[in-house]
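Residue numbers (the working numbering), protein chains in the order written: chain G, 1 to 159; chain D, 1001 to 1159.
Where a beta carbon is used, it is the ideal one built from N, C-alpha and C, also for glycine.
Protein chains: 2
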Amino acid sequence: MGIEIERKFLVRSDGWKALVTQRAALRQGYLSTNAKATVRVRTRDDAQAVVTIKGAAVGLVRAEYEYAIPIEDGREMLAMAAPHVIEKVRHLVPIGDLIWEVDVFGGKHAGLVLAEVELHAADQPVPLPDWAGAEVSQDDRYANASLSRSDGVPDEMLV
Amino acid sequence: MGIEIERKFLVRSDGWKALVTQRAALRQGYLSTNAKATVRVRTRDDAQAVVTIKGAAVGLVRAEYEYAIPIEDGREMLAMAAPHVIEKVRHLVPIGDLIWEVDVFGGKHAGLVLAEVELHAADQPVPLPDWAGAEVSQDDRYANASLSRSDGVPDEMLV
Chain G
1 MGIEIERKFL VRSDGWKALV TQRAALRQGY LSTNAKATVR VRTRDDAQAV
51 VTIKGAAVGL VRAEYEYAIP IEDGREMLAM AAPHVIEKVR HLVPIGDLIW
101 EVDVFGGKHA GLVLAEVELH AADQPVPLPD WAGAEVSQDD RYANASLSRS
151 DGVPDEMLV
Chain D
1001 MGIEIERKFL VRSDGWKALV TQRAALRQGY LSTNAKATVR VRTRDDAQAV
1051 VTIKGAAVGL VRAEYEYAIP IEDGREMLAM AAPHVIEKVR HLVPIGDLIW
1101 EVDVFGGKHA GLVLAEVELH AADQPVPLPD WAGAEVSQDD RYANASLSRS
1151 DGVPDEMLV
């Protein structure tokens, strides 16, 4: 088992753009989002695929299991998950010891930009870059699984 | 993607027992059983584990994706799936060109014995052994995912 400890923030300016070292087009769909587990399929640049099973979150922490699968399986399972699918371009932005992931959403979630950072411990200090806005780590509306079920992103979620 | 085409029968006598070539103790739990997909984790003799994602059934046919995973992950995900877990001993019973799987359930499903046979085509002829009883292929109560959610097996399901 892996453990995922993640904090998530709105993005309030474009300051991160000059710092991007890598980007990838992600498509991800949800086969399950019940209380026990979230089951996600994700393709990366339509070339690689993983299935990820995440347990229930306890605060910022949740169990996570991830397995590489054939890209064909990934594409088929994305179709199976429709319409609960998210499209986003993920940008890697290294700052100090941390690697921020800035996700620019597309499709029905266009306009939403979120920055995530994965931590080793829930109490690890996180120096916030000036382009990071309000923290939404514990706001379920910003969970990708929740977003996949929404028809769009209301304006009040963007500020 | 694999395709699963399966027929399932009650078992009305012990005639199969003399024909068993292999047996394994299976524990399987369900992380999701929604309309889109069933997500199952299964351990075999507490030594091997797989995660299996099955699409919605169309008649006897459903899409199936199966991936081997580390046994430790399998055990942890079974705990995550609790109490929606099934224990059974699976017996392989070759008859002619077909390999029957006779599942003797334990735990809260003790008393239930089901015989399954996997086919290449939905219309493939299946010569029925004399120990095979009523067909329950399309009776959702006998789906393992349904059984995992039940507290036991009522008498009327055993005949």
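Measure the C-alpha to C-alpha separation of residue i and residue j and round it to an integer number of angstroms.
i: Asp1014/D; j: Ile71/G; result: 45 angstroms
i: Leu1019/D; j: Pro1129/D; result: 11 angstroms
i: Val58/G; j: Thr38/G; result: 14 angstroms
i: Val61/G; j: Pro125/G; result: 15 angstroms
i: Gly96/G; j: Arg27/G; result: 28 angstroms
i: Ile1003/D; j: Met157/G; result: 42 angstroms
i: Gly1106/D; j: Ile1086/D; result: 8 angstroms
i: Arg12/G; j: Val117/G; result: 16 angstroms
i: Arg40/G; j: His84/G; result: 10 angstroms
i: Thr33/G; j: Asp1073/D; result: 19 angstroms
i: His91/G; j: Ser148/G; result: 20 angstroms
i: Ala24/G; j: Thr1021/D; result: 50 angstroms
i: Arg75/G; j: Gly1055/D; result: 14 angstroms
i: Trp1131/D; j: Tyr67/G; result: 41 angstroms
i: Pro94/G; j: Tyr65/G; result: 24 angstroms
i: Gln48/G; j: Val1159/D; result: 48 angstroms
i: Met1077/D; j: Ile5/G; result: 19 angstroms
i: Arg141/G; j: Ala35/G; result: 15 angstroms
i: Lys17/G; j: Leu1119/D; result: 54 angstroms
i: Met1/G; j: Ala63/G; result: 6 angstroms
i: Asp1139/D; j: Pro1154/D; result: 14 angstroms
i: Val50/G; j: Pro1127/D; result: 40 angstroms
i: Ile1069/D; j: Asp46/G; result: 23 angstroms
i: Gly1029/D; j: Ala1143/D; result: 13 angstroms
Rounded C-beta distance between residue i and residue j? I'm assuming under 8 angstroms.
i: Leu31/G; j: Ala81/G; result: 6 angstroms
i: Phe1009/D; j: Ala1134/D; result: 7 angstroms
i: Ser146/G; j: Arg7/G; result: Contact doesn't hold; Cβ gap of about 17 angstroms is too wide.
i: Lys1108/D; j: Asp1151/D; result: 6 angstroms
i: Thr52/G; j: Arg42/G; result: 7 angstroms
Give a yes or no on whether 9 angstroms exceeds the smallest Cβ distance from residue i to chain G.
i: Ile1086/D; result: no
i: Ile1069/D; result: yes
i: Leu1034/D; result: For the sequence presented, residue 1034/D should be read as Asn rather than Leu. For Asn1034/D, the answer is yes, since a Cβ of chain G falls inside 9 angstroms of its Cβ.
i: Leu1031/D; result: yes
i: Asp1073/D; result: yes
i: Ala1037/D; result: yes
i: Val1051/D; result: yes
Looking at the C-beta of residue i, does it have a partner C-beta in chain D at a distance below 9 angstroms?
i: Gly55/G; result: yes
i: Glu156/G; result: no
i: Glu118/G; result: no
i: Ala63/G; result: yes
i: Val20/G; result: no
i: Ala47/G; result: no
i: Glu4/G; result: no
i: Val58/G; result: no
i: Glu101/G; result: no
i: Ala81/G; result: yes
Look up residue i in the DSSP assignment and say whether it is helix, strand or coil.
i: Ala1018/D; result: helix
i: Lys108/G; result: helix
i: Ser130/G; result: For clarity, residue 130/G is Asp in the given sequence; the question names Ser instead. Reduced to three states, the DSSP call for Asp130/G is coil.
i: Leu1147/D; result: helix
i: Ala24/G; result: strand
i: Asp1073/D; result: helix
i: Asp1140/D; result: helix
i: Leu78/G; result: helix
i: Asp155/G; result: helix
i: Pro1125/D; result: coil
i: Gly1059/D; result: coil
i: His1084/D; result: coil
i: His91/G; result: strand
i: Leu1119/D; result: coil
i: Ala1037/D; result: strand
* To do: Determine, using beta-carbon pairs with one atom in the region 1099 to 1117 of chain D and one in the region 107 to 118 of chain G, whether at least three such pairs fall under 8 angstroms.
  => no
* **Members of the region 1121 to 1151 of chain D near chain A, C-beta cut-off 9 angstroms** => Note that chain A does not occur in the displayed structure, where the protein chains are G and D.
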